[in-house]
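Asks:
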Amino acid sequence: MYSDNRLPQWRSLLFVPATSDRFIESAVRQLADALLIDLEDSVAPEQKEVARTRVGDIADRFKRYGYDVVVRVNRPWRLLVRDLEASVCQSVNAVTLPKVPDVGHVRAVSEILSDLEAAAGMAIGLTRIIAMVEDAEGLENMARIATADQRLCGIIVGAEDLAVSMRMAVDEDGLYVPNVLAVAAARRAGIIPIGFVGSVADFADADAFRARIRRARRLGFDAAFCIHPRQVAIVNEEFSPSMDEVHHAKLLIDEYERSRENGKAAFRYKDRMVDLPVVEQARRVLAQNEVVKAMDRRHLSGRNKPA
Numbered sequence: 011m012y013s014d015n016r017l018p019q020w021r022s023l024l025f026v027p028a029t030s031d032r033f034i035e036s037a038v039r040q041l042a043d044a045l046l047i048d049l050e051d052s053v054a055p056e057q058k059e060v061a062r063t064r065v066g067d068i069a070d071r072f073k074r075y076g077y078d079v080v081v082r083v084n085r086p087w088r089l090l091v092r093d094l095e096a097s098v099c100q101s102v103n104a105v106t107l108p109k110v111p112d113v114g115h116v117r118a119v120s121e122i123l124s125d126l127e128a129a130a131g132m133a134i135g136l137t138r139i140i141a142m143v144e145d146a147e148g149l150e151n152m153a154r155i156a157t158a159d160q161r162l163c164g165i166i167v168g169a170e171d172l173a174v175s176m177r178m179a180v181d182e183d184g185l186y187v188p189n190v191l192a193v194a195a196a197r198r199a200g201i202i203p204i205g206f207v208g209s210v211a212d213f214a215d216a217d218a219f220r221a222r223i224r225r226a227r228r229l230g231f232d233a234a235f236c237i238h239p240r241q242v243a244i245v246n247e248e249f250s251p252s253m254d255e256v257h258h259a260k261l262l263i264d265e266y267e268r269s270r271e272n273g274k275a276a277f278r279y280k281d282r283m284v285d286l287p288v289v290e291q292a293r294r295v296l297a298q299n300e301v302v303k304a305m306d307r308r309h310l311s312g313r314n315k316p317a
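All you need for our numbering is the position in the sequence shown, starting with 1, plus 10.
1) One question on the structure: do Leu-46 and Leu-23 come within less than 7 Å of each other, judged by their Cβ atoms?
2) With a cut-off of 8 Å on the beta carbons, I'd call Ala-44 and Val-80 a contact; round off their distance for me.
3) Report the partner residues of Ala-104 according to the DSSP bridge assignment.
4) Alpha carbon to alpha carbon, what distance is there between Gln-40 and Leu-193?
5) So, with DSSP's three-state summary, where would you put Ala-233?
6) How far does the beta strand (DSSP E) with Pro-188 in it extend, from its first residue to its last?
7) For Glu-59, which option in Asp-31, Pro-188, Asp-93 has the closest C-alpha, if you only look at C-alpha atoms?
8) Taking the beta carbon of Thr-63 as the centre, do at least 16 other beta carbons fall within 10 Å, making it buried, or is it exposed?
9) Which residue or residues does DSSP assign as beta-bridge partners of Gly-164?
10) Below 8 Å, can you find three or more Cβ-Cβ pairs linking the segment 240-247 to the segment 279-299?
11) For Ala-28 versus Leu-49, is the C-beta distance shorter than 7 Å?
12) Mapping the DSSP letters down to three states, classify Pro-287 as helix, strand or coil.
13) Measure the alpha-carbon distance for Pro-287 versus Gly-273 and round it to whole angstroms.
14) Just to confirm my understanding: we take Lys-73, look at its own chain, exclude 5 residues before and 5 after, and list those with CB closer than 6 Å. What are they?
15) Using the Cα positions of Ile-204 and Gly-168, report the straight-line distance between them to the nearest angstrom.
16) Counting only runs of 4+ residues fully inside the segment 212-256, write out the alpha helix (DSSP H) ranges in chain order.
17) Can you tell me the Cα-Cα spacing of Met-11 and Met-132, whole angstroms?
18) Using the rule of at least 16 other Cβ atoms within 10 Å of the residue's Cβ for burial, across every protein chain shown, is Ser-97 buried or exposed?
19) Nearest by alpha-carbon distance to Asp-212: which of Gly-200, Phe-235, Ile-201 is it?
20) Counting along the chain, where does the beta strand (DSSP E) carrying Ala-275 start and finish?
21) Within the same chain, show all residues whose beta-carbon is closer than 6 Å to that of Gly-164, passing over the 5 residues directly before and after it, in chain order.
22) If you draw a straight line from the C-alpha of Ala-156 to the C-alpha of Glu-147, how long is it?
23) For Val-26, which option in Asp-285, Asp-112, Ser-52 has the closest C-alpha, if you only look at C-alpha atoms?
24) Since Val-245 and Arg-21 should fall inside the 8 Å C-beta cutoff, what is the C-beta to C-beta distance between them, to a whole number of angstroms?
25) According to DSSP, is Met-11 part of a helix, a strand, or is it coil?
26) Could you check where the alpha helix (DSSP H) with Leu-41 kicks off and where it finishes?
27) Specify, as a first and last residue, the run of the alpha helix (DSSP H) that Val-116 falls within.
28) Are the beta-carbon atoms belonging to Arg-161 and Arg-138 less than 7 Å from one another?
Structure below.
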């Protein structure tokens, strides 16, 4: 039995290279919902072992500041197992698995995690999994990957690696369908759809990035990875209900309650016909607004804590 199947509440997950003291120092000043300690692409091959030995201390520090902590591990099994051994601890909420090809890969990792948790005296299932779909095989199996194991809490399309595998450009034409399929797979599985249509590496143009995140929310995404601190505020803002949205939702629900008292299941509101699905959308806006306020309070509290 897994200890807790509730989903984390994330909008922004900021990458932090495990070998960079400068980025580690900067990370604890950001308002990301989770800090993602990277052992993969941002760490040179000759630094993998050093990076691995630092995970526990970095995770403990991030946790003391009130962040959720995620670790991105490497894909080759000889590295992956060592990364998992270094990552399983009370301070780490989840591991991100790159280049997930199929259900069997997720289940094998989950079995290793259970062994490591048991050896550490931890509750089984404490360490969640985010699956990265980054090649043609993973894309074909994405819906099944999303339901592979109860540890799964999120799924994301890795744009750059997928483009290499598919021999396509890293642009909206090629990435639109994989990302929509990721949202569908996540919603069917009840996990978090993470991402947007585009490359995470494109961060220099803030306006273009904001437009990309705004579109991602319209497509059904809940969160995004960030590779630069300047992306965090944009992601948090765009994945949060605006004041206008909250105000509109409250008025619509009030009108719905009055209409229901009069025996009407559908009604006209601001030149639009409203029925139950529209009301459910409004309720979700209000529920998400409460989640966002709780996360922001946690950020403010965490920043006042000592390192």
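The C-beta atom is built at its ideal place from N, Cα and C for all residues, glycine as well.
Replies: Judging by the given coordinates:
1) yes
2) 5 Å
3) Val-80, Arg-138
4) Note on residue identity: the sequence assigns Val, not Leu, to residue 193. So the alpha carbons of these two residues sit roughly 27 Å apart.
5) strand
6) No beta strand (DSSP E) holds Pro-188; the alpha helix (DSSP H) holding it covers 182-199.
7) Asp-93
8) exposed
9) Ile-140, Ile-202
10) no
11) yes
12) helix
13) 17 Å
14) Val-79, Ser-101
15) 10 Å
16) 216-229, 239-248
17) A caution first: Met-11 carries a pLDDT of 42, below 50, which makes its placement in the model unreliable, though a value can still be read off. One C-alpha to the other measures close to 13 Å.
18) buried
19) Phe-235
20) Unbroken run through Ala-275: none, as it is neither H nor E.
21) Ile-140, Ile-201, Ile-202, Ile-204
22) 14 Å
23) Ser-52
24) 6 Å
25) Its pLDDT being 42, under 50, Met-11 is placed unreliably by the model, and the measurement read from it follows with that caveat. Residue state, collapsed to three classes: coil.
26) From DSSP, Leu-41 is part of no alpha helix (DSSP H); its letter is neither H nor E.
27) 113-129
28) yes
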